[in-house]
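Q: Residue numbers (this note's numbering), protein chains in the order written: chain A, 900 to 1199; chain B, 999 to 1398.
Just so it is clear, CB atoms sit at the ideal spot from N, CA and C, and this is done for glycine as well.
None of the values given here were measured: they were computed from a predicted structure.
After the structure tokens below, expect a handful of questions from me.
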């Protein structure tokens, strides 16, 4: 390429403007386009996260399964057998593992996105990238781990002879979408806020612990219903998007429960509403992220 | 050949806010109006406007904290301006820190692909250029080793190799040329010269003023966030040197630490000029230099001599002599005394020079030193650089 070619190529290019993001409009679409253009890099970042996590450990990826399997074991033995929560819940192990798998996805998305910006400070301070890629890469690697757990769950259902093969399996998709949308929305917000206030990452751990018990994962929804009554309290409890997604996921994966336990009415509609509200949150939090990201390089 | 604008900086200002409270508790305690007391703001850039044309190499110079690195980061889009806009076009590669984005646990090969993607190359483009990158870095079979086992030189070479193979139209460089061994630095400079010939635009932040004069077509001098000089590199460097000298003198005057009590005999002051010229005028090569030194002694000092040393702006000694070397026998020093060194036919290269004056006893013990007692400038010389002056000629003996 001659110098003249380079100059004429440059002359034809439009200018990219960088200015204070408080004055920018219509940026949400622009950043979606920008991230889509850099999807290859996003893929490489996800692979980097996954590869580096268990590099140099003899068992590697097996470790990412040890935690949920241990949790399963504890909940199954202590809560299921000792405390008797498994009464009225057939295939209690499948029930618990289904709940833990979908909740684990939410938990991992939120906790790893929250620390993603601070963890990649070396890059953010030195190179311009659309900063959304870091929380999104965390979402990607969380989805990968979710995939592995899902395979184990399916193998377990196969072994127990209750492989989910009916129309209810379709609940899988709205449940997954709701979790991904809500997880990404809060992941984006918290990753940006964490830059300014490092307390957030510790706060998130505590909140995720509370949310685990605020959803019917190791106990059944009707047990909560029995205590909360069927008034407004139950509605608040049920319409927690994570609860809805957990219920939807259990309905898809846990065949033995179809006739054994009660589900809230209009579960699919509730999931749809949760999805739409989640999208609204995602858009709002993306705007917040875009506003906060202008000062990342100097705050890190 | 007309060259288009690559970067347009329109009245850019950048404010930094420094908070003293960084945890939730402190933030809550100092919430609201009280919180204002817990933050300090300062303007790192105070309204910079300039345009950079394609194919030029621009040096950004200024003392520490003058805002040059901030300006480079604003141009690179890494930080947003508080006020104003920056427009830029073409593919950008920022070498603010070599190997930013290298992950220690990944192999060299994996890092090359990751880093190239971060700098905007697609996978197929990286695959095409991979042999070139490997060859340029010269790390051989280590490419499949995790980079945490690399020596720092290998790390830097690989990172630089990736950055220069991304085909940037605009290259931002911040002091990274000072890392690596000499061979690597030369390679960097060669690459930069090739880039210049290929019409790429380079913006360089450096403290090496020699490099600015040698490499740049244009230099921008920043002082406290505003452009103080924008034009030919030699002029910018000269302005910068004067600037630094003013700061040094001002700092010395403002210093609140009480000076140590002067010894009985001490150097009071010194002034430099050409023998026929005034103090502060530039010293032309070939003129005679006069260094007038004022000495004071409350009690008589019988055994003494006076020493002169001239340093260049990098602190290297370029000249030194003493009254003893000149074979002068001095009567005891008492009260005020003025002595003069006259250096005939001095031929210093362009730049700023500092004179240090010492009062010593005859065995060479320092009784009192006055470091950087005074300074002088030698005007720019188009035909050569360096600390000595000589008129160059060039003869082509076997021209066809």
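Find out if the Cβ-Cβ distance for the pair residue 1160 of chain B, residue 1221 of chain B is shorter than 8 Å.
A: No, Cβ-Cβ distance for residue 1160 of chain B and residue 1221 of chain B is not below 8 Å.
Q: What is the rounded straight-line gap between the Cα of residue 1031 of chain A and the Cα of residue 1019 of chain A?
A: Taking the straight line from one Cα to the other gives about 12 Å.
Q: What residues in its chain sit with their C-beta under 6 Å from that of residue 1368 of chain B, if we drop five residues either side in the sequence?
A: Contacts found: 1265, 1355.
Q: Starting from the N-terminal side, write out each stretch of the alpha helix (DSSP H) that is 4 residues or longer and does not extend beyond the segment 1216-1292 of chain B.
A: Listed in chain order, they are 1231-1252.
Q: Looking at residue 1079 of chain B and residue 1012 of chain B, is the spacing between their C-beta atoms short of 8 Å?
A: In this structure, residue 1079 of chain B lies closer than 8 Å to residue 1012 of chain B by Cβ.
Q: Please tell me whether residue 910 of chain A has its Cβ less than 8 Å away from any Cβ of chain B.
A: Chain B contact via Cβ: present.
Q: Can you tell me which residues form a DSSP beta bridge with residue 1364 of chain B?
A: Answer is B:1358, bridged to residue 1364 of chain B.
Q: Where does residue 945 of chain B sit, in a helix, a strand or coil, going by DSSP?
A: With chain B represented from 999 up to 1398, any question about residue 945 of chain B goes unanswered, as that position is not in the structure.
Q: Residue 1218 of chain B and residue 1228 of chain B - do their beta-carbons sit closer together than 8 Å?
A: Closer than 8 Å, so yes.
Q: Can you name the start and end residues of the beta strand (DSSP E) that residue 1051 of chain B belongs to?
A: Here the beta strand (DSSP E) through residue 1051 of chain B covers 1037-1051.
Q: Quick one: Cα of residue 1200 of chain A to Cα of residue 1089 of chain B, how far?
A: Since the first and last residues shown for chain A are 900 and 1199, residue 1200 of chain A lies out of range.
Q: Please report how far the alpha carbon of residue 1399 of chain B lies from the alpha carbon of residue 1307 of chain B, in whole angstroms.
A: Look at the range of chain B in this structure, 999 to 1398, and you will see that residue 1399 of chain B is not part of it.
Q: Please decide whether residue 1167 of chain B counts as near chain A, where near means a Cβ-Cβ distance under 8 Å.
A: Yes, residue 1167 of chain B counts as interfacial toward chain A.
Q: Between A:997, A:1174, A:1016, which lies nearest to residue 1097 of chain A when the distance is taken from Cα to Cα?
A: The shortest Cα separation from residue 1097 of chain A among A:997, A:1174, A:1016 belongs to A:1016.
Q: Are there three or more Cβ pairs, one per stretch, closer than 8 Å when the segment 1363-1378 of chain B is compared with the segment 1317-1329 of chain B?
A: The segment 1363-1378 of chain B vs the segment 1317-1329 of chain B: no contact.
Q: Our contact map puts residue 965 of chain A next to residue 1116 of chain A with C-beta atoms below 8 Å; I'd like the distance itself, whole angstroms only.
A: Incorrect: roughly 19 Å between the Cβ atoms, too far for contact.
Q: Residues of chain B with CB under 7 Å from residue 1185 of chain A, in chain order?
A: What residue 1185 of chain A touches in chain B: nothing, since even the nearest Cβ is about 17 Å away.
Q: On the three-state DSSP scale, how would you describe residue 1350 of chain B?
A: Strand at residue 1350 of chain B.
Q: Can you pull the chain B neighbours of residue 947 of chain A, defined as C-beta to C-beta under 7 Å?
A: By Cβ distance, chain B contributes 1101, 1104, 1112.
Q: I want to verify the contact list: residues of chain A whose CB lies under 8 Å from the CB of residue 1078 of chain B, in sequence order.
A: Per Cβ cutoff of 8 Å: 917, 918, 919, 920, 1193, 1194.
Q: So what does DSSP say about residue 1396 of chain B, is it helix, strand or coil?
A: Residue 1396 of chain B falls in the coil class under three-state DSSP.
Q: Quick one: using the 10 Å Cβ neighbour count with 16 as the cut-off for buried, is residue 1185 of chain A buried or exposed?
A: Answer is buried; the Cβ neighbour count reaches 16.
Q: With three or more C-beta pairs closer than 8 Å as the rule, is the segment 1030-1046 of chain A touching the segment 1117-1125 of chain A?
A: Output reads no: the segment 1030-1046 of chain A does not touch the segment 1117-1125 of chain A.
Q: Could you please tell me which residues of the segment 1042-1063 of chain B, in chain order, have their CB closer than 7 Å to any CB of chain A?
A: So the list reads 1052, 1053, given in the order they occur along the chain.
Q: Check residue 1060 of chain B in the structure and name its three-state DSSP category.
A: Of the three classes helix, strand and coil, the one that applies to residue 1060 of chain B here is coil, per DSSP.
Q: Can you tell me whether residue 1336 of chain B is buried or exposed, with buried defined as 16 or more other CB within 10 angstroms of its CB?
A: Answer is exposed; the Cβ neighbour count stays below 16.
Q: Please report how far the alpha carbon of residue 1190 of chain A lies from the alpha carbon of residue 1111 of chain A, in whole angstroms.
A: Roughly 31 Å separates the two Cα atoms.
Q: What distance in whole Å lies between the Cβ atoms of residue 1346 of chain B and residue 1376 of chain B, which are believed to be in contact at a cut-off of 8 Å?
A: The Cβ separation is near 5 Å, so the contact holds.
Q: Taking any Cβ of chain A, which residues in the segment 1148-1162 of chain B have a Cβ under 7 Å from it, in chain order?
A: Within the segment 1148-1162 of chain B, no residue qualifies.
Q: Which one of B:1146, B:1186, B:1303, B:1014 has the shortest CA to CA distance from residue 1041 of chain B?
A: Ranking the options by Cα distance to residue 1041 of chain B, first place goes to B:1014.
Q: Locate the beta strand (DSSP E) running through residue 1068 of chain B, then write down its first and last residues.
A: Run containing residue 1068 of chain B: none in the beta strand (DSSP E); it sits in the alpha helix (DSSP H), 1066-1073.
Q: Should residue 943 of chain A be flagged as near chain B, meaning a C-beta pair shorter than 8 Å?
A: So, interface residue.
Q: Count the other CB atoms, across all protein chains shown, that sit within 10 Å of the CB of residue 1158 of chain B; report buried if there are 16 or more and exposed otherwise.
A: So residue 1158 of chain B ends up on the buried side.
Q: Using CA coordinates, which residue listed in A:1169, A:1152, A:1154 is at the minimum distance from residue 1135 of chain A?
A: Among A:1169, A:1152, A:1154, the Cα nearest to that of residue 1135 of chain A is on A:1169.
Q: Verify the contact flag: residue 1140 of chain B, CB atom, against every heavy atom of the ligand ATP, threshold strictly below 7 Å.
A: By its list of ligands, the structure shown contains no ligand whatsoever, and the ligand ATP lies outside what it can speak to.
Q: By Cβ distance, which residues of its chain are closer than 6 Å to residue 1082 of chain A, with the 5 residues on each side in sequence left out?
A: 1005, 1008, 1009.
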